[in-house]
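Input: a single structure, listed below in structure tokens.
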Amino acid sequence: MLFSDKNYTKTLILSILLCVAMIIFGLIYNIVFNLKSEEKLVDDIIDDGIATIFNYKAYDGKNAAAIASRYISTNSTEYKSLISSSNNILDNNLSLKERYKNFNSINKDIDNISLLLFDNIEFNNSIKDKNLWEMLRLEVADLSNSDVIEKYNTAAKTFNDKLSSPFFGFGGKLFFMQEYEYLVE
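Quick note on my numbering: the sequence shown kicks off at 9 and runs consecutively.
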């Protein structure tokens, strides 16, 4: 008798459908909100951490090139490689991974130029430039040991794992989220 009323049945069905729709909306909202907060964390590490150390290292490379240009040929492959690596780190058109390769190659470039500089008598007689060179060389090496890259890789892995899971992945793909690339050699 209770379910025989057509209006009551329609109301009951609509109520159940509305509850199911609200549950689905809540789940999707929670998934997307969770993924968005993870994505924001990775983006913040890129914007505040990686961008900072990339910029420092690129400009240290340019400063090292300025010192080196006083003592070695600017047409040498070592000098050109240092300038190229420094410029490529700052090139936002390159992927983060490509910029990271240049980030790491600056150390090798500076070591190669160091060999040339320490063979140069004028450089060895310039205490100021030797001190500046050593300071830049140490700073570049220090930036390579930054824990920002490790933090980024950990945050990117957490985000990528969630994005590739069946539950979170659906919500992420629904909103066109993409995985982050890892910065490893």
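Ideal Cβ positions, reconstructed from N, Cα and C, are used throughout, including at glycine. On a predicted model such as this, the values are computed, not experimentally measured, just so you know.
Which first and last residues belong to the alpha helix (DSSP H) in which residue i is found?
i    : result
E147 : 135 to 152
Y67  : 59 to 76
T166 : 156 to 172
F184 : It is not in any alpha helix (DSSP H) - F184 carries neither H nor E in the DSSP assignment.
I36  : 14 to 52
N95  : 85 to 98
D127 : From DSSP, D127 is part of no alpha helix (DSSP H); its letter is neither H nor E.
Could you check if residue i is buried or exposed, using at least 16 other CB atoms within 10 Å of its CB as the buried criterion?
i    : result
R78  : exposed
S81  : exposed
F184 : exposed
K170 : buried
D68  : buried
Y37  : exposed
L43  : buried
L227 : Residue 227 is absent from the model: the chain starts at 9 and stops at 193.
L146 : exposed
L144 : buried
S93  : buried
I157 : buried
Which residues in the same chain have their Cβ closer than 8 Å to the Cβ of residue i, if we skip the five residues on either side of it in sequence?
i    : result
F33  : none
M9   : Low per-residue confidence applies at M9: pLDDT is 46, beneath 50, and the placement is therefore not dependable enough to give any value.
N161 : Y190, L191, V192
D137 : I75, R78, Y79, F131
K159 : I53, G57
Between residue i and residue j, is the Cβ-Cβ spacing less than 8 Å?
i    : j    : result
A72  : I118 : yes
I121 : E86  : yes
Y190 : A164 : yes
Y188 : V50  : yes
L125 : A66  : no
I61  : L151 : yes
P90  : N96  : The sequence given here has Leu at residue 90, not Pro. Result no, Cβ atoms of L90 and N96 do not sit closer than 8 Å.
F167 : E47  : yes
Beta-carbon within less than 7 Å of residue i's beta-carbon, same chain only, minus the 5 sequence neighbours each way: which residues are those?
i   : result
S23 : none
CB-CB under 6 Å to residue i, same chain, minus the five flanking residues each way: which ones, in chain order?
i    : result
W141 : I75
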